[in-house]
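Chemist: Please find one structure pasted underneath; my questions will follow.
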Amino acid sequence: MAAAHNTGLSPSPLATPMQRGRDPFLSAAACVFLGQALLWLSLLFRWATFNIINWQPLAVELALAQWSPVVAYAVYGALAALAIAAGIGLLRETRRARPLALATLLLTLVAAAAYYSLAREFYGAVLLAGLSGLTFLLLTRRTAWSLAYPSFYWLLIFFLIPLAIVFVVSLGERTRLGTVTYDFGSARTLFDDYARIFSRINGEFIYLRIFGRSLWLAFLNTAICLLFAYPFAYWIARQPANRRTVLIFLVMIPFWTNFLVRTYAWMLILRDSGLINNFWSITLHEQAVRLAGVSPLFDWLAAATSQKLPLLYNFPAVLLGLFYGYLPFMVLPLYTNLEKVNWSLLEAASDLYAGRRQSFRRILLPLTLPGIIAGSIIVFIPSLGAYVTPDLMGGAKVSLLGNLLQQQFMTVRDWPFGSAISFIMMAVMLAATLVYFRVSAESERAAEMTVGVDK
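Take the sequence shown: its position 84, counting from 1, is numbered 93 in my numbering, and each next residue is one higher.
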């Protein structure tokens with residue numbers, strides 16, 4: 010038998026047994042309930058001091074004013090008391106805390122439904138319902154859903170549900186008064202507005218022409234932004250670290266000014282009495298007239314400068330405005346991608362007698378392809394649905410999808426047709442986004458395979 014060795018160590022008399030920590034799910038749920046209690050107490054305080062302090066009445070207060078004041082005291086007080094009891098019970102982890110919390114949760118949902126039915130106030134009801142859903146996930150200890158719930162709930166309320174509403178509206182039909190009616194019994198008439206986009210009007214495909222013009226402008230703006238942004242981002246990425254920070258700061262400076270203000274600034278520059286036309290038709294014209302008196306070679310310049318340059322309210326003006334507005338959105342993703350490039354690969358290619366074109370085509374371009382695709386998608390999608398720039402810098406001469414949507418919703422009040430156009434635009438944008446994710450996944454897979462081969 011092996012001899013037992015006495016280490017001489019004995020348990021310390023001051024050692025205390027380990028204690029179980031607080032349940033993070035119950036603690037988070039308790040914080041939510043205490044926050045709700047603070048909300049109900051603030052409403053109760055407003056109701057109690059309404060005659061003393063000149064409060065701006067809320068929608069729920071106007072609705073409760075139709076009944077006896079005791080009703081508001083009872084509702085606010087009961088909900089506040091239940092929320093406080095549930096929050097404190099969850100913090101202490103008592104036996105009856107969870108059933109009380111579930112009961113409070115159900116009452117909060119009922120209060121949210123009653124609040125919306127009485128006050129017709131959407132955001133308050135959505136807030137109460139969202140807090141109830143989050144509390145339920147915390148009480149049931151669903152870790153993944155609890156983390157993803159805030160983002161999912163936001164997308165559900167402000168994206169998926171409005172998207173479904175727009176789709177339902179696109180299946181309707183406009184009446185003479187501008188309202189929307191539905192005839193779900195006839196499947197042929199449900200998609201009339203979608204077919205209307207591809208139909209002829211007076212022998213011409215007007216809507217398809219607008220759609221094609223918008224696509225062409227978006228593609229052209231994306232290509233021009235890429236053509237100018239790629240060498241600029243490459244130059245920034247090759248600068249020292251302190252200079253890169255300053256240059257990226259200069260790229261982001263236009264975001265400090267409102268896009269509408271910047272568009273008006275371009276209009277002031279390009280208009281007939283703007284800076285360029287004043288120099289062209291006044292300063293340069295006067296000099297050309299003087300030189301024409303000396304030599305007939307300057308007669309053509311004097312004749313050309315006698316007319317204003319058509320710089321505004323045309324297609325090139327819209328393209329210039331979009332290029333100026335979305336160029337930083339192309340520079341930033343490209344710079345982020347170029348900054349991570351291992352420049353020693355280009356040096357190795359040069360040592361292997363590869364030219365600049367070969368190095369760019371075989372090394373730099375594949376490595377920066379995710380940045381190119383990301384920047385192109387970020388520029389293409391808003392360019393396709395642009396409204397402010399075509400409306401201001403194009404006037405009535407350049408009609409794009411954004412202008413067509415505004416006319417259908419605000420002027421013609423043909424909501425079904427406008428919704429159908431919106432869905433077709435979203436289909437094109439979704440296709441572009443899917444292309445981006447597919448190319449990005451293939452690029453990452455190719456990069457992983459390259460790293461695996463190198464190892």
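Note that beta-carbon positions come from the ideal geometry of N, C-alpha and C, so glycine has one too.
Which residues in the same chain have their Cβ closer than 8 angstroms to the Cβ of PRO483, if we skip the five residues on either side of it in sequence?
Modeler: The structure shown does not extend to residue 483, since the chain is modelled only from 10 to 464, so the question has no answer here.
Chemist: Can you tell me whether ALA11 is buried or exposed? The criterion is at least 16 other CB atoms within 10 Å of its CB, across all chains shown.
Modeler: On the sequence shown, residue 11 is found 2 positions in, with the first residue counted as 1. Only weak support is given to the placement of ALA11: the predicted model assigns it a pLDDT of 46, under 50, and the value that follows is read from those uncertain coordinates. When all chains shown are included, ALA11 counts as exposed.
Chemist: For GLU451, which three-state DSSP category applies?
Modeler: Here residue 451 refers to the residue found at position 442 when the sequence shown is read from its first residue. GLU451 carries a helical assignment under DSSP once its states are collapsed to helix, strand and coil.
Chemist: Compare the beta carbon distance of PRO469 and GLY302 with 7 angstroms and say whether it is the shorter of the two.
Modeler: Only positions 10 to 464 of the chain appear in the structure, and residue 469 is not among them; the question remains open.
Chemist: Rounded to whole angstroms, what's the CA-CA distance from ILE285 to PHE193? Just pull it up for me.
Modeler: Numbered from its first residue, the sequence shown carries residue 285 at position 276. Numbered from its first residue, the sequence shown carries residue 193 at position 184. Using only the alpha carbons, I get a separation of about 58 angstroms.
Chemist: Quick one: what does DSSP say GLU130 is sitting in, helix, strand or coil?
Modeler: The count along the sequence shown starts at 1 and reaches residue 130 at position 121. Three-state DSSP puts GLU130 in coil, outside helix and strand.
Chemist: In terms of residue numbering, what span does the alpha helix (DSSP H) encompassing ASP202 cover?
Modeler: Within the sequence shown, numbered from 1, the residue matching residue 202 stands at position 193. Where ASP202 is concerned, the enclosing alpha helix (DSSP H) stretches over 201-206.
Chemist: Could you tell me which whole beta strand (DSSP E) segments of length 3 or greater appear in the region 357-400?
Modeler: none
Chemist: So, for LEU310: in the same chain, excluding its five sequence neighbours on each side, which residues have a beta-carbon less than 7 angstroms away from its beta-carbon?
Modeler: Counting from 1 along the sequence shown, the entry for residue 310 is found at position 301. Excluding residues within five positions, the ones whose Cβ falls inside 7 angstroms are ALA297.
Chemist: When the Cα atoms are used, what is the spatial distance from VAL421 to VAL84?
Modeler: Position 412 of the sequence shown holds residue 421. Position 75 of the sequence shown holds residue 84. Distance between the alpha carbons of VAL421 and VAL84: 46 angstroms.
Chemist: Count the other CB atoms, across all protein chains shown, that sit within 10 Å of the CB of ILE381; report buried if there are 16 or more and exposed otherwise.
Modeler: Position 372 of the sequence shown, counting from 1, holds the residue named residue 381. By the 10 Å Cβ count, ILE381 comes out buried.
Chemist: Pick helix, strand or coil for ILE170, following the three-state DSSP scheme.
Modeler: Residue 170 sits at position 161 when you count from the first residue of the sequence shown. Correct three-state label for ILE170: helix.
Chemist: Quick check: the Cα distance between GLY461 and ARG454, rounded to an integer number of angstroms?
Modeler: As a position in the sequence shown, residue 461 is number 452, starting the count at 1. As a position in the sequence shown, residue 454 is number 445, starting the count at 1. Low confidence applies here, because GLY461 scores a pLDDT of 49, under 50, leaving its location unreliable and the question unanswered by this model.
Chemist: Whole angstroms is fine: what's the gap from PRO159's alpha carbon to LEU143's?
Modeler: To locate residue 159, count along the sequence shown from 1; it is residue 150. To locate residue 143, count along the sequence shown from 1; it is residue 134. C-alpha separation (whole angstroms): 8 angstroms.
Chemist: Rounded to a whole number of angstroms, what is the C-alpha to C-alpha distance between TYR124 and ILE386?
Modeler: Indexing the sequence shown from 1 puts residue 124 at position 115. Indexing the sequence shown from 1 puts residue 386 at position 377. Straight-line Cα distance between these residues: approximately 42 angstroms.
Chemist: Pull up the DSSP beta-bridge partners for ILE210, would you.
Modeler: Working through the sequence shown from its first residue, we reach residue 210 at position 201. Paired residues: GLU213.
Chemist: For ALA312, which of LEU172, LEU329 and ILE291 has the nearest alpha-carbon?
Modeler: Looking up residue 312 in the sequence shown gives position 303. Out of LEU172, LEU329 and ILE291, the CA that lies nearest to the CA of ALA312 is found in ILE291.
Chemist: Here's the rule I'm using: 16 or more other beta-carbon atoms within 10 Å means buried, otherwise exposed. How should PRO108 be labelled?
Modeler: Sequence index remark: in the sequence shown, residue 108 carries index 99 (1-based). When all chains shown are included, PRO108 counts as exposed.
Chemist: Any chance the region 393-403 sits against the region 203-214, with 3 or more Cβ pairs inside 8 angstroms?
Modeler: no
Chemist: How many Å lie between LEU127 and VAL119 at the Cα?
Modeler: Stepping through the sequence shown from its first residue, residue 127 is reached at position 118. Stepping through the sequence shown from its first residue, residue 119 is reached at position 110. Those two C-alpha atoms are separated by around 12 angstroms.
Chemist: Would you mind working out which of ILE174, LEU164, GLY283 and MET339 sits nearest ASN230, comparing C-alpha positions?
Modeler: On the sequence shown, residue 230 is found 221 positions in, with the first residue counted as 1. It is MET339.
Chemist: Short check: CB of PHE232 to CB of LEU347, under 7 angstroms?
Modeler: Sequence index remark: in the sequence shown, residue 232 carries index 223 (1-based). Sequence index remark: in the sequence shown, residue 347 carries index 338 (1-based). Sequence check: residue 232 is Ala here, not Phe. No, the pair does not count as a contact, with Cβ atoms beyond the cut-off.
Chemist: What residues match up with ARG183 in a beta bridge as DSSP calls it?
Modeler: As a first step, residue 183 is located in the sequence shown; it is residue number 174 there, counting from the start. Residue pairing by DSSP places ARG183 opposite VAL189 in a beta bridge.
Chemist: Does the contact criterion of 3 or more C-beta pairs under 8 angstroms hold for the region 43-54 versus the region 86-98?
Modeler: yes
Chemist: Give me the Cα-Cα distance between LEU361 and LEU376, rounded to the nearest whole angstrom.
Modeler: Within the sequence shown, the letter at position 352 stands for residue 361. Within the sequence shown, the letter at position 367 stands for residue 376. Approximately 19 angstroms, taken between the alpha carbons.
Chemist: With H, G and I counted as helix, E and B as strand and the rest as coil, what does DSSP make of TYR445?
Modeler: Within the sequence shown, the letter at position 436 stands for residue 445. In the structure shown, TYR445 sits in a helix (DSSP, three-state: H, G or I).
Chemist: I need the boundaries of the alpha helix (DSSP H) containing GLU295, first residue and last residue.
Modeler: As a working mapping, residue 295 is identified with position 286 in the sequence shown. From DSSP, the alpha helix (DSSP H) with GLU295 extends over 293-303.
Chemist: Would you give the residue range spanned by the alpha helix (DSSP H) that GLY495 belongs to?
Modeler: Nothing about residue 495 can be reported from this structure: the residues present for the chain run from 10 to 464 only.
Chemist: What is the residue span of the alpha helix (DSSP H) that ASP308 lies within?
Modeler: If you number the sequence shown from 1, residue 308 lands on position 299. In the DSSP assignment, ASP308 falls within the unbroken alpha helix (DSSP H) covering 308-313.
Chemist: Note down the Cα distance separating PRO337 from ALA242, rounded to an integer number of angstroms.
Modeler: Numbered from its first residue, the sequence shown carries residue 337 at position 328. Numbered from its first residue, the sequence shown carries residue 242 at position 233. Across the structure, PRO337 and ALA242 are spaced so that their CA atoms are roughly 10 angstroms apart.
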